[in-house]
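For the sequence shown, full-length UniProt numbering gives the first residue as 1, with consecutive numbering after it. Ideal Cβ placement from N, Cα and C applies to all residues, glycine included.
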Amino acid sequence: MRPFVIAVVLTTVPTLGFAAPDDTQRGQKLAREQCAQCHNISKEPSSNVQRAPAFRDIARSPLNANQWVVYLAFGHSPMGAARMAAISPGDAGDIASYIVTLRPH
């Protein structure tokens, strides 16, 4: 049920604006600290976890920055609620801002 709820939230609130992502440098730093254990967050490999997609692949998703904030705030199942509790809405906004900068132009 939870994946369905997250999917509904992500598709029905494309531009809530409740967490205005704006600090991409801080987002990159947070990604290194909190995400790199599982995800490759830059061109250089930082993880050997096969199931965790690289940030460059994540960035190709059609989600906008606000939708990424919602996704990060609710967490994604492989990470578990305890790990995601460490990511505040402001941190999620900064990480989302960084993810969006990785999109191919």
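For residue i, which of the options has the nearest alpha-carbon?
{"i": "Tyr71", "options": "Gln50, Ser97, Val49 and Arg51", "result": "Ser97"}
Measure the alpha-carbon distance for residue i versus residue j and round it to whole angstroms.
{"i": "Asp91", "j": "Leu30", "result": "7 angstroms"}
{"i": "Phe74", "j": "Pro89", "result": "10 angstroms"}
{"i": "Gln27", "j": "Asn64", "result": "Here the sequence assigns Gly to residue 27, which means Gln is not the residue at that position. Rounded to the nearest angstrom, the two C-alpha atoms are 15 angstroms apart."}
{"i": "Pro53", "j": "His39", "result": "6 angstroms"}
{"i": "Ala36", "j": "Arg103", "result": "18 angstroms"}
{"i": "Thr101", "j": "Thr24", "result": "8 angstroms"}
{"i": "Ile87", "j": "His105", "result": "28 angstroms"}
{"i": "Gly34", "j": "Asp94", "result": "The sequence given here has Gln at residue 34, not Gly. Between Gln34 and Asp94, the C-alpha separation is close to 12 angstroms."}
{"i": "Ser42", "j": "Arg32", "result": "9 angstroms"}
Skipping 5 residues on each side, what residues in its chain have a beta carbon closer than 7 angstroms to that of residue i?
{"i": "Ile99", "result": "Phe55, Ile58, Ala59 and Trp68"}
What residue ranges within the UniProt domain "Cytochrome c" (22 to 103) form continuous alpha helix (DSSP H) runs of no fewer than 4 residues, ordered along the chain?
24 to 34, 55 to 59, 65 to 74, 80 to 84 and 89 to 101
Between the stretch 31 to 47 and the stretch 59 to 66, do at least 3 Cβ pairs fall closer than 8 angstroms?
no
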